[in-house]
Amino acid sequence: MDWQGINEFLAVVENGSFTRAAKILDVSTSHVSRSVAQLESRLGVALLKRTTRSLKLTEAGQQYAASLSSIQSAMEEANLALQGEQQEPKGTIRVSCAGDFAAKHVAPKLAQFCQRYTQVSMVMDFNNRNVDLISEGVDLAIRFGRMADSNLIARPLTTRVMTLVASPDYLTQFGAPTHPEQLIEHNCLYAVTNRWRFKVDGAIKEYKISGRWRSNNGEALLQACLTGLGIAHLAQDIVEEYVSNGRLVSLLAPYQVADNASWLVYPNRDLMPLRVRLLIDFLIAEFNQD
């Protein structure tokens with residue numbers, strides 16, 4: 000196999016530009032560009048879409064990068080084994096996440112992992128976008144909700160019960176709903192979807208709500224709720240402090256569902272770097288212990 004250009008291509012994919020890839024490889028940008036162009040010529044397909052402002056993988060480029068990443072991981076594992084270092088993981092782990100749960104509960108555990116394994120570096124990317132783990136070179140993602148079918152492995156870290164809350168001022172002015180059907184009469188503060196799920200008569204039902212405040216950030220929804228703007232549907236661990244001190248009131252508790260969770264999501268790779276396998280096992284064990 001002709002490996003010429005592969006390291007340069009993977010460096011471009013990982014770093015997002017020819018310039019950054021050249022800096023990492025300690026070569027010129029023109030060398031990287033020429034090597035990738037020669038690789039594309041040998042393969043007979045375009046791997047990258049180049050414009051003056053952006054650089055994106057083609058569909059063929061995404062598939063090729065994913066295959067090469069598996070081969071690269073296997074080579075890293077083989078090198079570590081030969082060096083007698085298979086129990087001392089090294090390298091960078093990239094984690095995609097969003098929200099207070101990741102910042103308050105996941106980040107400290109990632110820091111503990113780095114303290115245990117001093118040759119591992121961690122990159123946490125807080126982004127509400129549902130990133131493509133394979134094409135964007137992300138090892139793990141922390142996601143919240145109910146997982147749809149996909150080619151990714153999803154393992155639950157912890158169940159998160161939803162809670163409907165409003166401030167005392169809002170309830171004094173507009174009253175408290177006694178049934179999910181009455182939410183249509185209220186200003187609801189919502190995130191991705193305007194359909195909220197509740198357990199009614201033993202079955203899960205969706206209710207369409209509406210409101211003047213929408214955000215994909217849980218903290219923004221919480222703050223709007225605290226000001227008395229409307230009713231929010233948030234994870235219990237986010238609001239329990241405010242319910243305890245009386246700044247928020249819990250509503251419709253008997254109707255709440257408990258099938259939401261925070262998930263650890265990662266590609267289904269047979270050849271996974273040791274550092275990633277160890278982190279997955281570490282996180283699962285830590286959250287099962289809590």
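In this text, residue positions in the sequence shown follow numbering that gives the first Met the number 0: the first is 0, and each later residue adds one.
Heads up, the beta-carbon is just placed ideally off N, CA and C, and yes, glycines get one too.
These numbers were taken from a predicted model, which means no experiment stands behind them.
Alpha carbon to alpha carbon, what distance is there between residue j and residue i?
i	j	result
GLU240	VAL248	11 Å
ALA140	CYS224	28 Å
ARG159	VAL35	46 Å
ARG217	ASP99	Before going further, note that residue 217 is Gly rather than Arg in the sequence given. If you take the alpha carbons of GLY217 and ASP99, they lie about 7 Å apart.
LYS198	SER209	19 Å
SER29	ALA219	45 Å
THR162	GLY60	44 Å
ASN259	GLN222	22 Å
GLN114	ARG41	44 Å
THR226	ALA234	18 Å
LYS48	PRO266	24 Å
LEU56	SER16	11 Å
ARG128	PHE112	25 Å
TRP212	LEU228	8 Å
According to DSSP, simplified to helix, strand and coil, what is residue i?
i	result
GLU205	strand
TYR116	coil
GLY60	helix
HIS30	helix
VAL11	helix
ALA231	strand
PRO253	helix
SER95	strand
ASP25	coil
MET177	Per the sequence shown, the amino acid found at residue 177 is Thr instead of Met. Three-state DSSP puts THR177 in coil, outside helix and strand.
SER214	coil
PRO167	helix
VAL199	strand
THR226	coil
ALA153	strand
LYS89	coil
SER261	strand
Can you list, in chain order, the residues of its chain whose CB lies under 6 Å from that of residue i, leaving out five sequence neighbours each side?
i	result
THR157	SER261 and PHE286
GLU7	VAL31, SER34 and VAL35
GLN101	Inspection of the sequence shows that residue 101 is occupied by Ala rather than by Gln. Excluding residues within five positions, the ones whose Cβ falls inside 6 Å are ILE141.
Report all residues from its chain with a CB closer than 7 Å to the CB of residue i; omit the five preceding and five following residues, and keep chain order.
i	result
PRO88	TYR116, GLN118, VAL119, LEU273, ARG274 and LEU277
GLN288	none
MET123	VAL94, CYS96, ALA106 and LEU109
ASN14	ALA20 and ILE23
GLU84	Summary for GLU84: the model assigns pLDDT 48, below 50, so the residue's position carries little reliability; its value from the coordinates is reported in the next sentence. Around GLU84: no qualifying Cβ.
Return the chain-ordered list of same chain residues with a C-beta closer than 8 Å to the C-beta of residue i, the five sequence neighbours on each side being excluded.
i	result
LYS207	ILE183, ASN193 and ARG194
LEU9	ALA64, LEU67, SER68 and GLN71
ILE283	ARG154, LEU156 and LEU263
Answer yes or no: does any C-beta atom of chain C fall closer than 8 Å to that of residue i?
i	result
LYS22	Here there is only one protein chain, and chain C is not present.
Kindly give me the distance between the Cβ atoms of residue i and residue j, rounded to whole angstroms, as I take these residues to be in contact under 8 Å.
i	j	result
ILE296	HIS185	In the structure as shown, the chain starts at 0 and stops at 289, and residue 296 therefore has no counterpart that could be examined.
ARG246	SER166	7 Å
LEU46	GLN3	With 8 Å as the limit, LEU46 and GLN3 do not qualify as a contact, their Cβ atoms being about 14 Å apart.
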